[in-house]
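Working notes, structure below.
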Amino acid sequence: MTAQYFAPVASPQHPRSAFADRHIGPAPDDHARMLAAIGYSGAEALLDDAVPAAIRTARPLDLPPALSETAALDRLRELASRNTVLTSMIGLGYHGTITPGVILRNVLENPGWYTAYTPYQPEISQGRLEALLNFQTVVSDLTGLPVANASMLDEGTAAAEAMTLAHRASKRKDPGTFLVDADALPQTIEVIRTRAVPLGIEVVTADLSGGLPEGDFFGVLLQYPGASGAVRDLAPVGDQAHERGAQVVVAADLLALTLLRPPGESGADIVVGSAQRFGVPYGFGGPHAGYIAVREGLQRQLPGRLVGVSVDADGAAAYRLALQTREQHIRREKATSNICTAQVLLAVMAAMYAVYHGPEGLAAIAQRAHRRAAEIAAGLRGAGVEVVHGSFFDTVLARVPGRADEIVRAARERGINLRPVDADHVAAACDETTLPEHVAAVLESFGAAPAEAGELPQGFPDALRRESPYLTHPVFHAHRSETAMLRYLRRLQDKDIALDRSMIPLGSCTMKLNATAEMEPITWPEFANVHPFAPVEQAAGYLELIGELEDRLAEITGYAKVSVQPNAGSQGELAGLLAIRGYHESRGEGHRNICLIPSSAHGTNAASAVMAGMKVVVVKCDDGGNIDLDDLHAKIGKHGAALSAIMVTYPSTHGVFEETIVDVCASVHEAGGQVYVDGANLNALVGLARPGEFGSDVSHLNLHKTFCIPHGGGGPGVGPIGVREHLAPFLPSHPLRAEAGPGETGVGPISAAPWGSAGILPISWAYIAMMGPDGLRAATEGAIIGANYLAARLGPHYPILYTGRNGLVAHECIADLRKITKETGITAEDVAKRLIDYGFHAPTLSFPVAGTLMIEPTESEDLAELDRFCDAMIEIRREIQRVADGGYDRDDNPLKHAPHTAACLVAEDWKHPYTREEAAYPLPALREGKYWPPVRRIDQAHGDRNLVCSCPPPEAFED
589 MTAQYFAPVA
599 SPQHPRSAFA
609 DRHIGPAPDD
619 HARMLAAIGY
629 SGAEALLDDA
639 VPAAIRTARP
649 LDLPPALSET
659 AALDRLRELA
669 SRNTVLTSMI
679 GLGYHGTITP
689 GVILRNVLEN
699 PGWYTAYTPY
709 QPEISQGRLE
719 ALLNFQTVVS
729 DLTGLPVANA
739 SMLDEGTAAA
749 EAMTLAHRAS
759 KRKDPGTFLV
769 DADALPQTIE
779 VIRTRAVPLG
789 IEVVTADLSG
799 GLPEGDFFGV
809 LLQYPGASGA
819 VRDLAPVGDQ
829 AHERGAQVVV
839 AADLLALTLL
849 RPPGESGADI
859 VVGSAQRFGV
869 PYGFGGPHAG
879 YIAVREGLQR
889 QLPGRLVGVS
899 VDADGAAAYR
909 LALQTREQHI
919 RREKATSNIC
929 TAQVLLAVMA
939 AMYAVYHGPE
949 GLAAIAQRAH
959 RRAAEIAAGL
969 RGAGVEVVHG
979 SFFDTVLARV
989 PGRADEIVRA
999 ARERGINLRP
1009 VDADHVAAAC
1019 DETTLPEHVA
1029 AVLESFGAAP
1039 AEAGELPQGF
1049 PDALRRESPY
1059 LTHPVFHAHR
1069 SETAMLRYLR
1079 RLQDKDIALD
1089 RSMIPLGSCT
1099 MKLNATAEME
1109 PITWPEFANV
1119 HPFAPVEQAA
1129 GYLELIGELE
1139 DRLAEITGYA
1149 KVSVQPNAGS
1159 QGELAGLLAI
1169 RGYHESRGEG
1179 HRNICLIPSS
1189 AHGTNAASAV
1199 MAGMKVVVVK
1209 CDDGGNIDLD
1219 DLHAKIGKHG
1229 AALSAIMVTY
1239 PSTHGVFEET
1249 IVDVCASVHE
1259 AGGQVYVDGA
1269 NLNALVGLAR
1279 PGEFGSDVSH
1289 LNLHKTFCIP
1299 HGGGGPGVGP
1309 IGVREHLAPF
1319 LPSHPLRAEA
1329 GPGETGVGPI
1339 SAAPWGSAGI
1349 LPISWAYIAM
1359 MGPDGLRAAT
1369 EGAIIGANYL
1379 AARLGPHYPI
1389 LYTGRNGLVA
1399 HECIADLRKI
1409 TKETGITAED
1419 VAKRLIDYGF
1429 HAPTLSFPVA
1439 GTLMIEPTES
1449 EDLAELDRFC
1459 DAMIEIRREI
1469 QRVADGGYDR
1479 DDNPLKHAPH
1489 TAACLVAEDW
1499 KHPYTREEAA
1509 YPLPALREGK
1519 YWPPVRRIDQ
1529 AHGDRNLVCS
1539 CPPPEAFED
């Protein structure tokens, strides 16, 4: 072994921690070679030429020195030890559950699952698409509705989306009124209110146990079972609502639906909820997979991702995302939702929980939880304590005049958290983890004793018992042993490309390393098993961690205050725009409702602006891809008195540092507007520039990009927002946790949980702690060097569409194939599919410019992997040239028929003019480790014309 393997990789100018050396792929010598290829002798010279001086910060990051992996984990264990984990019987949509070990180890803790991206390239995503189709089938079967999507961010968000879906279905022109049962989850009610206010929708809460009140409503939301535990027949209120032309939304507990009549059989139009209790830990509130299901006729208006079944080029059944033209990326300001991601990793866990247990196992779990609740009810009645509701599933509400605090305190002394509803009522919720000793401890807290052993009456009427079958598909019956389940998960994983297999060069996505040390703490019981509404003193470690993370994010971005509540980038956008709205209203300028958005912006920006009650005005971009200042000034001049904000992504979505960003911010401020800088590309700024210093008032940050939370195949994500001091009073708040926001001035909850997806915040905390200030800056340098290296290598073969000063890019670059397509017929999609044959996930296809590929290498990919990708792209360019020269047929060539499966290569009737070897092994290195796609190119249009969104029968996969 030569000495080079022992050479230190830190530089005297910017010392790096041992962890940073592992996180950043290229060693200093590699960076030197990359810089030479770009035409620079050092990183500082490149940064001086690439990053405008006007935005550069003069202040180094004031963060603690880097910790080693061991020291960071020790500190996290110290924080975790400050959390007190009791048995929580609080309920309110969050329940104890047992994650089967085979799912914990092989999904949640497996980089083959958690490092994958949203399955926009379905040919290399068949495994997680099948898992998501399982999830959709679970939800559809249990709710009794025909179509369910691939998950929502949480139950509260799903209910808010259901409200707007109900409004669309009503075809009303006026905002109207949405009626919510007073027995709905309190956090759900408040998330709905937050969404309704900017849209002008009036939200009315009422006790619906006796029927609908007078009034005109476009929709009604019922909770099933109610927050109080009550189980009521949905049909009477549903019938009344339909008679008045209203849509019926039901927020339902999936586990309860294994025993109770499904809402779809009681007239529900839309059903929402959470799959948390299907094997996903509390995590102090998240992340969890919400869900939404709809009746026939609403599926094409369904928000979020929807997995469907289509066929590939050989006619084989294949999965893909369906009805994508309804997504916000395409519809922009005409979108009806800003949902940009989902909770795929958690949906996969929930689906596999159902696969592993099957319908009988799920029903048995539900029956045990119900029996425990019945035992508590019987014991209370035996002691003369009034049980408020005679019909219940897993939650018992007791009336104890003036004794609630005393009883809750007594239960806590016995290691159990009960829910104090008010001074006179206490609720106890049972779940999969509730044991007989818990029942006894709860009863002791009331001064009661367990009832005599024997049969207990069912806690709900026979008329509400479920009779219809569910989960009849073979997948829910075939993997009951751990061996079978293990192999099923491995079989699905092997179908996909994730970061454990190769780089994922998706532009605007920052698919960087998700280090094992960062991931490890999220499954520790002290973090995983804390209920979001447990007494706040039981979460002391969490609150300290969250406080430290918010402070460090504020230091990195230059903002005064950060809130981690938004549980996705899209929700961060909405929170930031609502903060701006609240600020204007506080100054008597509520008429300001114009949001300027550059034409290059991500579609979510426009959709979020509309949801925040704003009107979108698009600002043109010039030929260089920059904001057209003349058009900007013209739009400001026209709308200045009504100008609310401008939303700008920086560096731009075109992958360049725009020189005029400071002038743009100043112009908007002079007109009385606020500046929203989208933090999607923050990976090019950390340690070099702070948005809060160069003119921005608010940003959302993507912790699942810059700060290493994994993408999980399309979620989870975390989208905290940072604001300057004047916007801090208008950050998100929460009705059940005053500590989670600014109080009365807050805009209300954006997420159902007070601190959003708190369970994965240790990942970003660990990344920042282990990188330290110098490591974070070095990562930014590495990202910029990597992108410019790719641009330099690929530029001679594919034109780089946009560059900034000195011909440089930021952290990503756009390869322009439009001229190539015009000359040869080979499209950007053809190149994307051909990359699969080379073992790569494609770059971002046709965004932000149609006919292009946007490439982002991140700092984590080493030089060998970057060169392997460049070699593949250059070889594909040679194949394209063969098409141009006539060596390949324009319609029958390796690009047009990519990707190639093993099955198609061994078929006897190979009829293509190119060889099988050219199809499968275009580069010699592929013989050392070949990825074989499970399907050929998928027919997208066929799947939309023949919409199938639940598990197809096995016969669909026969030859």
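Here the sequence shown stands for residues 589 to 1547, where the numbers follow the working numbering.
Yeah, the Cβ is synthetic: ideal placement off N, Cα and C, and Gly gets one too.
Next on the checklist: Less than 8 Å between C-beta atoms, sequence neighbours within five positions excluded: which residues of the same chain meet that for L1231?
Outcome noted: Within the sequence shown, the letter at position 643 stands for residue 1231. The answer, listed in chain order, is R1180, I1182, L1184, I1224, V1256, A1259, G1260, G1261.
Checklist entry - Would the beta-carbon of G1584 fall within 9 Å of that of P1298? => result In the structure as shown, the chain begins at 589 and stops at 1547. Residue 1584 is therefore absent and cannot be evaluated.
Checklist entry - How close, in whole Å, do the beta carbons of K1293 and A1268 come, if the pair is a contact with beta carbons under 8 Å? => result Sequence index remark: in the sequence shown, residue 1293 carries index 705 (1-based). Sequence index remark: in the sequence shown, residue 1268 carries index 680 (1-based). Right, the Cβ-Cβ distance comes to about 7 Å (below 8 Å), so this counts as a contact.
Next on the checklist: Please list the terminal residues of the continuous beta strand (DSSP E) segment that includes I777.
Outcome noted: Numbered from its first residue, the sequence shown carries residue 777 at position 189. Not the beta strand (DSSP E): I777 falls in the alpha helix (DSSP H), residues 774 to 787.
Next on the checklist: According to DSSP, L1094 sits in a beta bridge with which residue or residues?
Outcome noted: Counting from 1 along the sequence shown, the entry for residue 1094 is found at position 506. L1094 is bridged to I1443.
Item to check | Cβ-based neighbour list, H917, same chain, cut-off 8 Å, excluding 5 preceding and 5 following | outcome: Here residue 917 corresponds to residue number 329 of the sequence shown, with the count starting at 1. Model confidence at H917 stands at a pLDDT of 46, short of 50, so the residue's coordinates are unreliable and nothing is read from them.
Checklist entry - Smallest Cα separation from A877: which of T1409, V1419, T1333, G1302? => result For the purposes of this step, residue 877 is taken as residue 289 along the sequence shown, with counting starting at 1. Looking at the Cα atoms, G1302 is the closest of the given residues.
Item to check | Residue span of the alpha helix (DSSP H) that contains D1532, given as start and end | outcome: Here the question's residue 1532 lines up with position 944 in the sequence shown. Segment 1528 to 1533, the alpha helix (DSSP H) holding D1532.
Next on the checklist: Measuring only the C-alpha atoms, how far is R914 from R756?
Outcome noted: In the sequence shown, the residue the question calls residue 914 occupies position 326. In the sequence shown, the residue the question calls residue 756 occupies position 168. Residue confidence is low: R914 scores 47 on pLDDT, short of 50, so the model does not pin down where it sits. Its coordinate-derived value is still stated next. Their backbone Cα atoms lie some 14 Å apart in a straight line.
Checklist entry - Helix, strand or coil for F594 per DSSP? => result Start at 1 with the first residue of the sequence shown, and residue 594 comes out as number 6. Residue placement at F594 cannot be trusted, given a pLDDT of 31 that sits under 50; what the coordinates show is reported in the next sentence. Note: F594 maps to helix in three-state DSSP.
Checklist entry - Roughly how many whole angstroms lie between the Cα atoms of V859 and F723? => result As a working mapping, residue 859 is identified with position 271 in the sequence shown. As a working mapping, residue 723 is identified with position 135 in the sequence shown. Using only the alpha carbons, I get a separation of about 15 Å.
Checklist entry - Which term fits S816, buried or exposed, when burial requires 16 or more other beta carbons within 10 angstroms of its beta carbon? => result On the sequence shown, residue 816 is found 228 positions in, with the first residue counted as 1. When all chains shown are included, S816 counts as buried.
Next on the checklist: Can you tell me whether K1410 is buried or exposed? The criterion is at least 16 other CB atoms within 10 Å of its CB, across all chains shown.
Outcome noted: On the sequence shown, residue 1410 is found 822 positions in, with the first residue counted as 1. Exposed is the call here.
Item to check | Given Y1130 as reference, the closest of A1367, V973, A1328, L1101 once Cα atoms are compared | outcome: The sequence position of residue 1130 within the sequence shown is 542, counting from 1. Nearest C-alpha to Y1130: A1328.
Checklist entry - In its own chain, which residues sit with a C-beta less than 8 Å from the C-beta of L1511, not counting the 5 before and 5 after it? => result The residue given as residue 1511 occupies position 923 in the sequence shown. If we look at L1511 and ignore the five residues flanking it on each side, its Cβ neighbours are Y1426, D1459, A1460, E1463.
Item to check | Backbone CA spacing between G1164 and A1029 [nearest angstrom] | outcome: Against the sequence shown, residue 1164 aligns to sequence position 576. Against the sequence shown, residue 1029 aligns to sequence position 441. So the two alpha carbons sit approximately 45 Å from each other.
Item to check | F1121 vs R1007 beta-carbon contact at 9 Å | outcome: Within the sequence shown, residue 1121 is the residue found at index 533, counting from 1. Within the sequence shown, residue 1007 is the residue found at index 419, counting from 1. Their beta carbons are under 9 Å apart, which means F1121 touches R1007 by this criterion.
Item to check | Pair within 9 Å by beta-carbon distance, Q1153 and P1361 | outcome: Translated into the one-based positions of the sequence shown, residue 1153 becomes position 565. Translated into the one-based positions of the sequence shown, residue 1361 becomes position 773. Not a contact, by the Cβ cut-off of 9 Å.
Next on the checklist: Going by the DSSP bridge assignment, what does G679 pair with across the sheet?
Outcome noted: Counting from one through the sequence shown, the residue named residue 679 turns up at place 91. BP columns for G679 point to Y682.
Checklist entry - In its own chain, which residues sit with a C-beta less than 8 Å from the C-beta of P774, not counting the 5 before and 5 after it? => result The residue you call residue 774 lines up with position 186 of the sequence shown. Closer than 8 Å at the Cβ level, and outside the excluded window around P774, lie L680, A815, P1323, L1324.
Item to check | Spatial neighbours of D1527 in its chain, beta-carbon cut-off 6 Å, leaving aside the 5 residues before and after | outcome: Within the sequence shown, numbered from 1, the residue matching residue 1527 stands at position 939. The answer, listed in chain order, is S898, V899.
Checklist entry - In this structure, does DSSP put E1177 in helix, strand or coil? => result Along the sequence shown, one-based indexing puts residue 1177 at 589. It is coil, neither helix nor strand.
Item to check | Three CB pairs or more closer than 8 Å across the segment 1034 to 1050 and the segment 703 to 720 | outcome: no
Checklist entry - Nearest CA to the CA of T1021: which residue from L635, V791, I686? => result Translated into the one-based positions of the sequence shown, residue 1021 becomes position 433. Per the Cα distances, I686.
Item to check | V905 - DSSP class collapsed to helix/strand/coil | outcome: Taking the sequence shown and counting its residues from 1, one reaches residue 905 at position 317. In the sequence as presented, Val is not what sits at residue 905; that position holds Ala. Strand.
Checklist entry - Thinking just about the alpha-carbon of each residue, which of R1504, E666, P763, Y812 is nearest to the one in S797? => result Locating residue 797 in the sequence shown gives position 209, counting from the first residue. Checking every option, the nearest Cα to that of S797 belongs to Y812.
Checklist entry - Identify the residues that DSSP records as bridge partners of K1518: which are they? => result Within the sequence shown, residue 1518 is the residue found at index 930, counting from 1. K1518 pairs with nothing; no bridge assigned.
Next on the checklist: If distances are taken between C-alpha atoms only, which option among R908, G903, L1291, A904 comes closest to G896?
Outcome noted: The count along the sequence shown starts at 1 and reaches residue 896 at position 308. Closest by alpha carbon: R908.
Checklist entry - How many Å lie between N1534 and I1144 at the Cα? => result Against the sequence shown, residue 1534 aligns to sequence position 946. Against the sequence shown, residue 1144 aligns to sequence position 556. So the two alpha carbons sit approximately 49 Å from each other.
Checklist entry - Taking buried to mean at least 16 other C-beta atoms within 10 Å of its own C-beta, is R883 buried or exposed? => result To locate residue 883, count along the sequence shown from 1; it is residue 295. So R883 ends up on the buried side.
Item to check | Host beta strand (DSSP E) of S898 (start-end) | outcome: Start at 1 with the first residue of the sequence shown, and residue 898 comes out as number 310. Looking at the DSSP string, the run of the beta strand (DSSP E) that includes S898 is 895 to 899.
Checklist entry - Would you report the Cα separation of F1545 and A905, rounded to the nearest angstrom? => result What you label residue 1545 is simply residue 957 of the sequence shown in a count that begins at 1. What you label residue 905 is simply residue 317 of the sequence shown in a count that begins at 1. Because F1545 carries a pLDDT of 45, less than 50, the predicted location of this residue cannot be relied on, and no value is offered for it.
Checklist entry - Whose C-beta lies closer than 8 Å to the C-beta of G1331 among residues of the same chain, with five residues either side of it excluded? => result Residue numbering aside, residue 1331 sits at position 743 when the sequence shown is read from its first letter. Excluding residues within five positions, the ones whose Cβ falls inside 8 Å are S1321.
Item to check | CB of Y1502 within 9 Å of CB of P1487, strictly | outcome: Mapped onto the sequence shown, residue 1502 falls at position 914. Mapped onto the sequence shown, residue 1487 falls at position 899. Cβ distance not < 9 Å, so Y1502 and P1487 don't count as in contact.
Checklist entry - With contact counted as at least three CB pairs below 8 Å, one residue from each stretch, are the segment 1362 to 1382 and the segment 608 to 624 in contact? => result yes
Checklist entry - What are the boundary residues of the beta strand (DSSP E) that includes P1186? => result Here the question's residue 1186 lines up with position 598 in the sequence shown. It spans 1182 to 1186 - the beta strand (DSSP E) in which P1186 sits, taken as one unbroken run.
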